[in-house]
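Chemist: Residues 246 to 617 in full-length UniProt numbering are what the sequence shown spells out, letter by letter. Ideal Cβ placement from N, Cα and C applies to all residues, glycine included. The structure's right below; bear with me while I get my questions together.
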Amino acid sequence: SAAEKGGYDYFMLKEIVEQPKSVADTLLGRVGVDGTLTLDEMRLAPSDLRDIEKIVIIACGTSYHAGLIAKYAIEHWCRIPCEVEVASEFRYRDPILNRQTLVIAISQSGESMDTLMAVRYAREQQARVLAICNVNGSTIPRESDGVLYTHAGPEVGVAATKTFLTQLIACYLIGLYLAQVRGLKFGDEINAVIAQLANMPEQVERVLATVEPVRNLARTLSDASTVLFLGRHVGYPVALEGALKLKELAYMHAEAFAAGELKHGPIALIEKDLPVVVVVPSREGRSVLHDKIVSNIQEIRARGARTIVIAEEGDETVRPFSDELIEVPAVPTLLQPIVATVPLQVFACELALAKGNDVDQPRNLAKSVTVE
Ligand code: AGP
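Structure below.
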């Protein structure tokens, strides 16, 4: 009913708008005033976490994209090697796991069969399995050693939105917790990131307050035959997520590339008026990547592409090469996906609505995929 949808025509619209609250709920009670993280509910003892030698993240679809972002954060903060793999590939290649491996299974529903089978396989190999899940008491957390719930509230729209942002928060919390438990370096940086996490609900709110131009832009692109997405570092999984949303909701061909790969092939696709969305890394700490992506934008624009650029506020270097500039708040690099994903959700949703599609129930898709 309209009431259930909070006055919106679709659950997805409501769920996008709910994101600041969902992010706050995922953080609730887990970050102490002094920056100490409390994740006792994970049921994995600090002594076990100190023994971890490798982390393997398994997930599907949007949850897999959260895992890709987690890898950047975990390796940087914790210095533990971290692999990420789609669950449907994982157990078929004889992966190397043991008691010192922490497997993190990310699943909104907790019921994805591919992920569940990977969890079972990992436990047979003696790995410890930690689930990140949104649905209390679902199968994957029940079959895992521990769980961190995302507390996003029920997500009805088939396309994951608020659960993706909260999965990211859960991943950051785990990465930061591991770093704390293992007493590693980067103390100042870690403390700064923990402090910044508390501001994320407000930053997402600011993005939502400024997305009207994204809606207008999306409506102009409903006849495009394809949209390309480029990103680097954590912006690359954000680009993948933007492309997936567009496929799912607008039934359009969309593809994401790591911007550095452009010159190794995909640049041949660039032609006049082709819409290309570019996620520009924040300038903090990663200025080399930032400058490289700015030259990518110049290259594709010189070949006639219509550049749609997502960059942090005040980044004037991209303005001259952006046909459309979407600004997001400046936040630490590793947290940028929290703000940069939101305009892409709105973009895909609005484009789909312009095409007359049902964004809550896209064709051929189910909210949880319980077959392998
Ligand atoms: C996301 O928009 C999709 N509906 C889909 O890719 C989803 O993320 C995937 O099926 C994984 O689901 P899960 O998180 O419930 O395991």
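(1) Under 8 Å, do L534 and H478 count as touching if we go by C-beta distance?
(2) Have a look at G306, A550 and E334 and flag the residue whose alpha-carbon is nearest the alpha-carbon of V472.
(3) So the candidates are T586, A504, T346 and I435; which of them puts its Cα closest to the Cα of L294?
(4) Quick one: residues in its chain with C-beta nearer than 8 Å to the C-beta of M362, no 5 flanking neighbours on either side, listed in chain order?
(5) Excluding sequence positions up to five away, which residues of its chain have a Cβ less than 8 Å from the Cβ of L596?
(6) Taking the alpha carbon of R608 as the point to measure from, which residue in E369, G402 and Q353 has its own alpha carbon closest?
(7) What did DSSP end up calling K517 once you bin it into helix, strand or coil?
(8) Considering just the uninterrupted stretch of the alpha helix (DSSP H) at T552, what are its terminal residues?
(9) Please classify L494: does DSSP put it in a helix, a strand, or coil?
(10) Give a yes or no on whether the C-beta atoms belonging to A350 and V380 are separated by under 8 Å.
(11) Return yes when the C-beta of S613 is under 7 Å from any heavy atom of the ligand GTP, and no when it is not.
(12) Could you compute how far the alpha carbon of V522 sits from the alpha carbon of E486?
(13) If you compare alpha carbons, which of V573, T406 and V278 is closest to E447?
(14) Sort T395, L519 and K517 by Cα distance to A311 and report the nearest one.
(15) Which residues share a DSSP beta bridge with G391?
(16) Using 8 Å as the Cβ pair cut-off and three pairs as the minimum, do the segment 273-292 and the segment 414-433 touch?
(17) Exposed or buried, what is A499 when buried is set at 16 or more other beta-carbons lying within 10 Å of its beta-carbon?
(18) Rounded to the nearest angstrom, what separates I300 and D518 at their Cα positions?
(19) In the DSSP assignment, the beta strand (DSSP E) including F474 goes from what residue to what residue?
(20) Using DSSP's beta-bridge definition, name the partner residues of S567.
(21) Using DSSP with H/G/I as helix, E/B as strand and the rest coil, what is K299?
(22) Taking the alpha carbon of D339 as the reference point, which residue from G306, Q370 and C327 has its own alpha carbon closest?
(23) So, at 7 Å on beta carbons, what are the nonlocal neighbours of G420 in its own chain, with the 5 sequence-adjacent residues on each side left out?
(24) Please state the DSSP three-state secondary structure of V584.
Modeler: According to the structure data:
(1) In contact: L534 and H478 (Cβ atoms closer than 8 Å).
(2) A550
(3) T346
(4) A332, R336 and E617
(5) Closer than 8 Å at the Cβ level, and outside the excluded window around L596, lie A463, R464, L466, S467, L491, L494, A495 and M497.
(6) In terms of Cα proximity to R608, the closest of E369, G402 and Q353 is G402.
(7) coil
(8) The continuous stretches of alpha helix (DSSP H) do not include T552, which lies in the beta strand (DSSP E) extending over residues R551 to E557.
(9) helix
(10) no
(11) This structure lacks the ligand GTP; the ligands present are the ligand AGP.
(12) 12 Å
(13) V573
(14) T395
(15) L375
(16) Put simply, the segment 273-292 touches the segment 414-433. At least three CB pairs are less than 8 Å apart.
(17) buried
(18) When rounded, the distance between both Cα atoms is 42 Å.
(19) T471 to G476
(20) According to DSSP, which records beta bridges pairwise, S567 is partnered with nothing at all.
(21) strand
(22) Q370
(23) A315, A318, I319, W322 and C323
(24) In the three-state DSSP reduction, V584 falls in the helix class (H, G or I).
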